[in-house]
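Chains D and W supply the protein sequences, listed in that same order. Numbering-wise (our numbering), the first sequence opens with residue 2 and increments by one. Numbering-wise (our numbering), the second sequence opens with residue 36 and increments by one.
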Amino acid sequence: MNLEPSIRAFVEKNFYVADTAALGAETSLLDSGIIDSTGVLEVIAFLEETFGIEVADDEMLPENLDTIGRIARYVAKKRAQAPDGAKPC
Amino acid sequence: MCGIAGILALGGAPPTLGELRRMAGALHHRGPDEHGAYRDERCGLAHARLSIIDLSTGQQPLSNEDGTLWISFNGEIFDYVELRAELTRAGHHFRTASDTEVIVHAWEEWGEAAFPRMNGQWAVALWDRKARRLILSRDRVGVRPLYVAEHAGRLWFASELKAFFAADPSFPRRLDPRGIDETFTFWSVVPPQSVFEQVEELEPGTTLIVSADGRSRRRYWHPSYPTRGEEAALTTDEAAQAVATTLERATSLRMLRADVPVGSYLSGGLDSSLVAALALRARGRGFQTFSLRFEDAEYDETTHQRTMAEHLGSEHHEVVCSKADIARLFPRVVLHAERPLLRTAPAPLLLLSELVRQTGTKVVLTGEGADEVFAGYDLFKEGKVRRFCARQPSSKSRPRLLDALYPYLTRSPVAQRAVARQFFLQGLSEADQPGFAHATRWRTTSALKRLYAASFVERLGAFDAKRRLLDSLPDDFSRWSPLSQDQYLETRTLLSGYLLSSQGDRMLMASSVEGRFPFLDRDVMALAATLPPSVKLRGLDEKHVLKKLGRGLLPQSILQRSKQPYRAPDALAFVTGPRAAYVDEVLSARAVVDAGVFDPTRVAQLWAKCQAQAHQGQFSNADNMALVGVLSTQLLHQQLVATRFEASEAPLRTEVTF
């Protein structure tokens with residue numbers, strides 16, 4: 002399933018982004034200043050609560066968290082690895 | 036210290052006494068002691084006086100001997116005694132003991148060249164009746180404010196722009212998108228831009244002459260530094276000796292040249308402690324000191340303040356600021372600042388100036404300016420580390436210096452460290468470009484523009500705040516050392532536009548208190564600019580030379596403590612405790628749409644998020660700035676745009692009509 006819409010909705014609302022058209026799936030959330038070092042913790046808390054995954058320390062990297070697309074792919078991968086019975090979203 | 040205002044008819048109607056009296060009335064807080072007005076068929080000058088020098092005969096407006104040159108003046112010329120002696124030798128006759136009259140004769144003698152000769156803080160208007168020209172001038176770094184506007188065939192000027200609105204109901208009141216956008220980039224407008232359409236803030240260090248022939252404008256001073264490598268060849272000890280001598284004279288001038296008692300702020304930090312210690316040496320006996328304490332331990336510096344007060348033997352006064360105080364004062368803060376704010380930090384300073392006023396003191400010394408002049412800010416260190424990283428972008432060890440700069444990073448979760456690293460190491464390929472050190476702050480601040488309404492973005496069009504600033508740099512900018520470049524930008528943006536204005540003049544004058552800033556003395560700034568960067572920022576040791584000269588003057592604990600930036604509770608002030616009634620009102624969808632700057636849905640989401648997170652006791656930097664920025668912009672709109680600022684006609688002690 003496509004996780005992008007729910008991740009996008011969270012980012013737009015939690016970081017109050019008015020110009021949503023400018024926020025592409027591959028727009029860097031860090032470089033554009035939408036997410037700062039505190040904001041990234043909010044993203045992680047959202048992912049863990051919403052998708053039932055656990056973000057490990059060594060996964061807390063821009064490679065996984067810097068764009069809506071990367072976050073969606075990262076969550077999808079985590080869920081694919083999870084044992085049966087991981088919480089659905 | 037005072038408020039000045041006036042009108043010059045440029046084809047429009049002559050100024051009326053009512054207009055001048057309403058302008059003086061709007062500036063009453065700046066000068067509650069007496070008011071005056073001058074008026075002829077072309078020009079009108081208004082003045083609200085806070086009497087500090089020459090209490091008995093210093094009334095304004097004031098003129099030369101034959102009444103052809105009139106002045107309305109706000110500020111102090113600290114070397115007026117020396118200038119007066121020089122002018123007397125040149126044949127000028129003085130009727131008063133004021134510094135105001137010195138400016139009049141200095142203009143007669145030297146014309147435009149008079150201003151670079153002055154060591155002081157001023158906003159001044161001179162009306163030359165014979166030549167029919169109006170001269171407006173502002174001090175080097177913009178300690179004293181001065182706004183200029185053209186409306187209805189007249190040129191208007193005033194210390195605070197609310198005087199325009201009070202004088203004339205037809206004066207346009209519209210927020211200027213470019214001024215808002217500069218604020219949401221640099222934390223402040225950059226003069227001549229203001230946040231109101233049709234209103235210009237006269238640039239610091241500038242003289243503007245207006246006559247029927249048009250306008251001429253000259254920048255007689257801007258921050259300037261030696262070419263890289265050509266700085267004064269001084270050891271730290273020699274530099275400390277030179278700075279000590281110059282700073283002592285600067286402090287002495289500001290402590291002693293007043294006909295009313297002068298006190299001093301004590302923040303608990305190095306700069307105000309140095310100023311107070313030198314002031315004691317100059318005066319030879321005790322004076323009053325004032326400190327701001329915080330109810331929240333995170334922001335409080337009481338221990339250091341009291342250590343310093345005891346060291347000085349001063350008559351010490353304190354006021355404690357709570358979050359509720361900040362929420363309560365914030366609308367007044369915005370009304371006085373007349374611009375959006377991204378921090379609540381000015382609010383506690385309003386509380387502090389009220390304390391000063393209550394003790395009857397009219398003048399205080401502060402340590403403002405030391406961080407710009409002697410390189411105290413983290414931003415300078417951050418720039419140095421980032422430039423160092425840029426020279427070896429593949430180095431893994433160099434970025435670890437960031438941990439030395441921001442120790443909290445080593446204690447932060449992995450995710451925060453990774454994000455912080457990407458943040459600080461962004462744009463390293465532009466390390467040689469102007470604005471490199473400031474890029475991190477400007478990027479963080481600019482990110483808040485995501486709250487803009489679509490219609491506001493449209494009004495902004497292609498405007499690029501950063502581009503405009505960087506296009507206006509002096510020709511020799513790129514020849515200065517990187518630290519000097521960073522100091523220049525900091526002086527021109529944050530110091531002039533925010534620290535001296537929103538956090539300085541406006542919060543002091545709201546309580547009719549004058550601030551004096553020894554670190555911004557002409558000679559101190561000139562000396563500091565020539566010092567080698569390594570004397571100011573040695574390794575990552577900020578204000579190195581000041582610490583050196585502080586030995587023997589200050590207690591060890593003050594010298595050795597790590598720098599604590601002055602901060603106050605931001606968003607937290609508005610979401611804890613009883614809700615200030617105005618918050619819901621100015622953040623309502625209707626109010627947000629009326630102001631036309633932000634998107635109402637996103638403002639509602641921001642506000643909901645802040646409320647939901649109140650129990651955590653802290654907010655991200657972005658949320659803090661966003662909420663304070665939106666609230667202040669909305670309060671600005673409510674108080675100065677949606678409603679017209681009104682003032683009663685001030686009674687005049689001095690009235691001159693031709």
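Every residue, glycine too, gets a C-beta built ideally from N, C-alpha and C.
At a beta-carbon threshold of 7 Å, none of the residues of chain D lie near W:T401; the nearest stands roughly 31 Å away. Taking a contact to require three or more Cβ pairs closer than 8 Å, the segment 550-565 of chain W and the segment 405-412 of chain W qualify as touching. Setting aside the 5 residues that flank it on each side, W:A201 is surrounded in the same chain by R57, M58, G60, A61, F680, E681, A682, each with a C-beta closer than 7 Å to its C-beta; the list follows chain order. Per DSSP, the continuous beta strand (DSSP E) segment holding W:F329 begins and ends at 323-329.
At a cut-off of 8 Å between C-beta atoms, D:L48 does not count as an interface residue with respect to chain W. Considering only W:D413, W:A293, W:F554, W:A275, the residue with the shortest C-alpha distance to W:Y441 is W:D413. Counting of Cβ neighbours within 10 angstroms places W:R452 among the buried residues, the total reaching 16 or more.
The beta carbon of W:V663 sits closer than 7 Å to the beta carbons of L376, L377, R378, T379, D605, A606 from its chain, once the five residues preceding and following it are set aside; these are given in chain order. Secondary structure at W:L400: strand, using DSSP grouped into helix, strand and coil. Rounded to whole angstroms, the separation of the alpha carbons of W:S205 and W:A184 is 13 Å.
The beta carbon of W:H140 lies closer than 6 Å to those of L122, H127 in the same chain, with the five residues before and after it left out.
As summarised for the segment 580-615 of chain W, the continuous alpha helix (DSSP H) elements at least 4 residues long and confined to that stretch are 591-595, 607-610, given in chain order. Interface with chain D (8 Å Cβ-Cβ cutoff): W:Q461 is included. A Cβ of chain D is located within less than 8 Å of the beta carbon of W:Y487. Judged by their CB atoms, W:S349 and W:T324 are nearer to each other than the 8 Å cut-off. Interface residue (Cβ-Cβ distance to chain D less than 8 Å): W:L622 is not classified as such. When only Cα atoms are considered, W:L313 and W:T286 end up about 6 Å apart.
Between W:V278 and W:V580, the C-beta spacing is below 8 Å. The beta-bridge partner set that DSSP reports for W:D163 consists of W:L104, W:R168. For W:E373, the secondary structure class from DSSP, reduced to helix, strand or coil, is coil. Less than 8 Å separates the beta-carbon of W:P212 from that of W:R494. Taking a Cβ-Cβ cut-off of 8 Å, the neighbours of W:R637 in chain D comprise Y17, V18, A19, given in sequence order. Of all residues in the segment 58-72 of chain D, the ones placed with a Cβ closer than 7 Å to any Cβ belonging to chain W are D58, M61, L62, P63, in chain order. Here W:S519 carries a helix assignment [DSSP, helix/strand/coil].
About 5 Å separates the Cβ atoms of W:F491 and W:V632, confirming a contact at the 8 Å cut-off. When secondary structure is reduced to three states using DSSP, W:L43 falls in the strand class. CA-CA distance, W:L171 to W:L534, rounds to 23 Å. For W:L122, the uninterrupted alpha helix (DSSP H) run begins and ends at 115-124, by DSSP.
Taken through DSSP and simplified to helix, strand or coil, D:I54 comes out as coil.
For W:A453, the neighbours in chain D by C-beta distance under 7 Å run, in chain order, M61, L62, P63. Around D:I35, the beta-carbon contacts reaching into chain W at under 9 Å are A482, R485, A657.
In the DSSP secondary-structure assignment, W:S98 is bridged to W:W105.
Nearest CB-CB separation between W:V159 and chain D: not below the 8 Å threshold. A contact is defined here as three or more CB-CB pairs under 8 Å, and the segment 531-550 of chain W fails this definition with respect to the segment 248-263 of chain W. DSSP places W:H140 outside any beta strand (DSSP E); the residue lies instead in the alpha helix (DSSP H), whose first and last residues are 134-145.
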